[in-house]
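A.B. asks: Heads up: the sequence shown begins at 6 in our numbering, then just goes up one per residue. I have a structure here, written as structure tokens, and I will follow up with some questions on it.
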Amino acid sequence: MAGGKESPRQKMIGMMYLVLTALLAMNISKDVLNAFLQINKGLLRTSEILEDKAQATLAGLNAPKAEDKEKAVPFQAKAKEVAEKSDAMVAYMQEIKARVMACSMKGNPDGSGFEEYMVGNKALDPGSPEGKLKITKPDENQNNTTLLIGSKPQDPRKDPWSAVELRTKLEEYRDWLKTVSVTNIDGKKIDLTPDLISSIDSSFSFNSELDPDGLEETWEVSKFYHSPLVAVIATLTKIETDVMNAKTSVIGEIASKINITDIKFTDVTVAAVPLQSYVLKGDEFQAEIYLAAYNKNSTTKIYPGGEYSGQMPTDGGTPGSGGGGAGIASGPDGKCVFKVNTGGMSLGQHGFSGQISYLKDGKEEFLKYYIPPFTVGAPALVVSPKQMNVFYRGLDNPVEISVPGVSPNQMQPSCEGCEVFTKISDGEWNVRPAAGTIAKISVTAEINGTKTSMGTKEFRVKKIPDPVPSFNGKRPQDSSILQADAGVGAGLKANMEGFDFPVTANVKSFKVSIAGSGGLKEYGSDGPRMKPEASEAIRKAKKGEKIFFEEIMCSMPDGTERKLSPITLKII
Numbered sequence: 006m007a008g009g010k011e012s013p014r015q016k017m018i019g020m021m022y023l024v025l026t027a028l029l030a031m032n033i034s035k036d037v038l039n040a041f042l043q044i045n046k047g048l049l050r051t052s053e054i055l056e057d058k059a060q061a062t063l064a065g066l067n068a069p070k071a072e073d074k075e076k077a078v079p080f081q082a083k084a085k086e087v088a089e090k091s092d093a094m095v096a097y098m099q100e101i102k103a104r105v106m107a108c109s110m111k112g113n114p115d116g117s118g119f120e121e122y123m124v125g126n127k128a129l130d131p132g133s134p135e136g137k138l139k140i141t142k143p144d145e146n147q148n149n150t151t152l153l154i155g156s157k158p159q160d161p162r163k164d165p166w167s168a169v170e171l172r173t174k175l176e177e178y179r180d181w182l183k184t185v186s187v188t189n190i191d192g193k194k195i196d197l198t199p200d201l202i203s204s205i206d207s208s209f210s211f212n213s214e215l216d217p218d219g220l221e222e223t224w225e226v227s228k229f230y231h232s233p234l235v236a237v238i239a240t241l242t243k244i245e246t247d248v249m250n251a252k253t254s255v256i257g258e259i260a261s262k263i264n265i266t267d268i269k270f271t272d273v274t275v276a277a278v279p280l281q282s283y284v285l286k287g288d289e290f291q292a293e294i295y296l297a298a299y300n301k302n303s304t305t306k307i308y309p310g311g312e313y314s315g316q317m318p319t320d321g322g323t324p325g326s327g328g329g330g331a332g333i334a335s336g337p338d339g340k341c342v343f344k345v346n347t348g349g350m351s352l353g354q355h356g357f358s359g360q361i362s363y364l365k366d367g368k369e370e371f372l373k374y375y376i377p378p379f380t381v382g383a384p385a386l387v388v389s390p391k392q393m394n395v396f397y398r399g400l401d402n403p404v405e406i407s408v409p410g411v412s413p414n415q416m417q418p419s420c421e422g423c424e425v426f427t428k429i430s431d432g433e434w435n436v437r438p439a440a441g442t443i444a445k446i447s448v449t450a451e452i453n454g455t456k457t458s459m460g461t462k463e464f465r466v467k468k469i470p471d472p473v474p475s476f477n478g479k480r481p482q483d484s485s486i487l488q489a490d491a492g493v494g495a496g497l498k499a500n501m502e503g504f505d506f507p508v509t510a511n512v513k514s515f516k517v518s519i520a521g522s523g524g525l526k527e528y529g530s531d532g533p534r535m536k537p538e539a540s541e542a543i544r545k546a547k548k549g550e551k552i553f554f555e556e557i558m559c560s561m562p563d564g565t566e567r568k569l570s571p572i573t574l575k576i577i
């Protein structure tokens, strides 16, 4: 603001401007909030699947034959300890999520009253029906920042339920996991593989990051400072999924260390663990598929069988009939890695099935496996400049319509106030607005078999702007023309200057007058070109005389006729 003494009114106006600027900066698109809700829902489903796999592995460890019970004891004990440590970490994550919700909704600085946002021992899903009723401010970012960071991002708070405490607990959990080992009944210490330790380090890395201005900021501030509530919940759920993945991987490795030829379990199941639950289109999706109890020295193979749709089948681990082709052999750690590029896939959920083979009593046996569904999505940048939401009447207005995480063939867009609304290709539509001043595009998407409204976008409908007439490059704002240039001018053009649509405007008629020593001479025209006598008169015009182009009429693609600005030029 300017220097000098300001009146109370000027100060008030200045303060209101600052507040308005801050509110505009914090305005968050509903599409972005919905995207976070969908990502959170997918991560919660992944956590449930990982927990099921961990429980299946624990069940296999705890059910050896009677003669093998003694050998299984140290592996069972260590797997139980890993499960208890991981479950305690997950319980902490559930409570901190509930406290963040209570803090945002109730304004309680310590998240008290969080019990209202718990369902059993789990935090409320903000995307569930109950969650949408209780989470009325999904974009709230002040209260949760107070709880997790405090008022000084350069010195975040470190007391209970802060982001610093969360990071500390995760680092302690990570460091403990990396030390997990089992001493078998022969006194041999068995450590985790270097690959698994590296994976744990990667999952629980808390390095500083750069903010949009290129300045370094801590992990806590980067993830939680003034982030909307639904983004904070999705971030915490992602961390929870990392904990569940670590739990499943470590327990699976503990089980894998038991020599399957020495300790034979009563049953065996197959694990198909996706390394991602959300993949950007064009990136590679990967999943690890292996037996929950297996011998690292025994070779397994997977035989991918193709994609399936709908809910995840429940018959995974049932006997199969045999694989085809060469199959994908397991690596040194006993795990088979399934890979598929998502570039040719549609947006939305995809799941894959197949069979895994292993040797049993010298004979190759087969089990079915199903990779849990993962989501292929497009980068979810949503920019919505309100003053530029415009359709032009009489023109084809191409628009791209997408919902993050939803395939284009699962969407049903419609347009109120449109004369024409047709599909061009997946995700792209053509809009030709009707006579009104407003057009509204609404989208309904089929998600998990249910049609759900994804919202409505409103667009202003405007007429095509007037074109600019020109005579041999000279426009209404010009005042003179060289005598040589005037003599070669054939007629008038109408140009859509600064208008990005491919629009052609046609001059229908105009009147040209020449004022000189012989008085004022007028000529008519019924098209863009001058009549021969008018052209001849301009060629003979002398310096200092004036040419007037008036009554310029132009036809437009929207069916209207426009009268354009006149051009007056002095010959020099």
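Glycine included, every Cβ here is placed at the ideal spot set by N, Cα and C. Note that the coordinates shown come from a computational prediction; the quantities given were computed from them, not determined experimentally.
Taking only three categories from DSSP, how would you classify M416?
C.D. replies: The answer is strand: DSSP assigns M416 an E or B state.
A.B. asks: Hey, S447 and S419 are a contact pair by Cβ (cut 8 angstroms); roughly how many whole angstroms apart?
C.D. replies: Contact flag correct, Cβ pair sits at about 5 angstroms.
A.B. asks: Quick check: the region 315-324 against the region 332-340, are at least 3 beta-carbon pairs closer than 8 angstroms?
C.D. replies: Cβ pair count under 8 angstroms is below three, so no.
A.B. asks: Counting beta carbon pairs with one atom in the region 127-139 and one in the region 35-49, are three or more of them shorter than 8 angstroms?
C.D. replies: Judged by Cβ distances under 8 angstroms, the region 35-49 makes contact with the region 127-139, as three or more pairs qualify.
A.B. asks: Quick check on the burial criterion: 16 or more other C-beta atoms within 10 angstroms. Buried or exposed for I238?
C.D. replies: Buried: at least 16 other Cβ atoms inside 10 Å.
A.B. asks: Leaving out the 5 sequence neighbours to the left and right, which residues in its chain are closer than 7 angstroms to D401 when beta-carbon positions are compared?
C.D. replies: Closer than 7 angstroms at the Cβ level, and outside the excluded window around D401, lie N435 and R437.
A.B. asks: Tell me H355's beta-bridge partners as DSSP assigns them.
C.D. replies: Per DSSP, F379.
A.B. asks: Return the chain-ordered list of same chain residues with a C-beta closer than 6 angstroms to the C-beta of N148, the five sequence neighbours on each side being excluded.
C.D. replies: Counting only Cβ-Cβ distances below 6 angstroms, and skipping sequence neighbours, we find C108, S109 and G112.
A.B. asks: Taking contact to mean 3 or more Cβ pairs, one atom from each stretch, closer than 8 angstroms, check whether the region 112-127 and the region 249-263 are in contact.
C.D. replies: The region 112-127 vs the region 249-263: no contact.
A.B. asks: Please specify which runs of the alpha helix (DSSP H), each continuous and at least 4 residues long, are wholly inside the region 491-559, giving them in chain order.
C.D. replies: Counting whole runs of 4 or more residues, the region 491-559 contains the alpha helix (DSSP H) stretches 537-545.
A.B. asks: Just checking my contact of L569 with D471 at CB under 8 angstroms: how many whole Å lie between their CB atoms?
C.D. replies: At roughly 6 angstroms, the Cβ-Cβ gap stays under 8 angstroms, so L569 and D471 are in contact.
A.B. asks: Does N148 come out as helix, strand or coil in the three-state DSSP assignment?
C.D. replies: In this structure, N148 counts as helix in the three-state DSSP scheme.
A.B. asks: Check whether the Cβ atoms of K306 and S362 lie closer than 8 angstroms to each other.
C.D. replies: Yes; because the gap between Cβ atoms is below 8 angstroms, this pair is in contact.
A.B. asks: Within its chain, find whatever has a CB closer than 8 angstroms to the CB of G460; leave out the 5 residues flanking it on each side and keep chain order.
C.D. replies: Answer for G460: K35, D36, N39, S447 and V448, listed in chain order.
A.B. asks: Tell me which residues share the same chain as I190 and place their Cβ nearer than 8 angstroms to its Cβ, disregarding the 5 neighbours each side in the sequence.
C.D. replies: Cβ neighbours of I190 beyond the five flanking positions: E75, K76, V78 and P79.
A.B. asks: At the level of alpha carbons, what is the spacing between P474 and V493?
C.D. replies: So the two alpha carbons sit approximately 17 angstroms from each other.
A.B. asks: Report the CB separation of V278 from M94 in whole angstroms; it is logged as a contact under 8 angstroms.
C.D. replies: Rounded, the Cβ-Cβ distance is 19 angstroms, inconsistent with contact.
A.B. asks: Measure the alpha-carbon distance for E370 versus G47 and round it to whole angstroms.
C.D. replies: Cα-Cα distance, rounded: 33 angstroms.
A.B. asks: Do you know how far the Cα of F229 is from the Cα of D216?
C.D. replies: So the two alpha carbons sit approximately 13 angstroms from each other.
A.B. asks: Going by C-alpha to C-alpha distance, which of L66, M106, G356 and P114 sits closest to Y122?
C.D. replies: Comparing Cα-Cα distances from Y122 to each of L66, M106, G356 and P114, the minimum goes to M106.
A.B. asks: Could you name each continuous beta strand (DSSP E) segment of 3 residues or more that falls completely within the region 302-343, going from the start of the chain to the end?
C.D. replies: Those beta strand (DSSP E) runs which fall completely within the region 302-343 and span 3+ residues are 306-313.
A.B. asks: Cβ atoms of P481 and I552: under 8 angstroms apart, would you say?
C.D. replies: Not in contact: I552 and P481 (Cβ atoms no closer than 8 angstroms).
A.B. asks: For my contact list, S358 and K373 are in at a C-beta cut-off of 8 angstroms; report their separation, rounded to the angstrom.
C.D. replies: Between K373 and S358 the Cβ distance is about 7 angstroms, and since that is below 8 angstroms, they are a contact.
A.B. asks: How would you call L55, buried or exposed, if buried means at least 16 neighbouring beta carbons within 10 angstroms?
C.D. replies: Buried, by the Cβ-count rule.
A.B. asks: The alpha helix (DSSP H) that contains W181, what's its start and end?
C.D. replies: Element bounds for W181: A168 to K183.
A.B. asks: Flag this pair as yes or no: are the beta carbons of V345 and F290 separated by less than 8 angstroms?
C.D. replies: Taking 8 angstroms as the Cβ cut-off, V345 and F290 qualify as a contacting pair.
A.B. asks: Smallest Cα separation from S186: which of E258, L364 and Q415?
C.D. replies: It is E258.
A.B. asks: Taking the alpha-carbon positions, what's the H231 to S91 distance?
C.D. replies: Approximately 29 angstroms, taken between the alpha carbons.
A.B. asks: Does the beta-carbon distance from M535 to G496 come in below 8 angstroms?
C.D. replies: Yes, the Cβ-Cβ distance between M535 and G496 is below 8 angstroms.
A.B. asks: What is the rounded straight-line gap between the Cα of I101 and the Cα of Q60?
C.D. replies: Answer to the nearest angstrom: the Cα atoms are 24 angstroms apart.
A.B. asks: For K183, which residues in the same chain have their Cβ closer than 8 angstroms to its Cβ, ignoring the five residues on either side in sequence?
C.D. replies: L197, I202, I205 and D206, listed in sequence order.
A.B. asks: Based on Cα-Cα distance, which residue from A292, E177, F119 and N67 lies nearest to V2?
C.D. replies: Shown here, the chain extends from 6 to 577; a query on residue 2 therefore has no answer.
A.B. asks: What are the start and end residues of each continuous alpha helix (DSSP H) run of 4 or more residues lying completely inside the region 111-161, in chain order?
C.D. replies: Counting whole runs of 4 or more residues, the region 111-161 contains the alpha helix (DSSP H) stretches 134-139 and 148-153.
A.B. asks: Would you check if the distance between the CB atom of T246 and the CB atom of T51 is smaller than 8 angstroms?
C.D. replies: In contact: T246 and T51 (Cβ atoms closer than 8 angstroms).
A.B. asks: Could you tell me which of I443, K137 and E451 sits nearest to K462, measuring between CA atoms?
C.D. replies: The shortest Cα separation from K462 among I443, K137 and E451 belongs to I443.
A.B. asks: Can you tell me whether K547 is buried or exposed, with buried defined as 16 or more other CB within 10 angstroms of its CB?
C.D. replies: Exposed.
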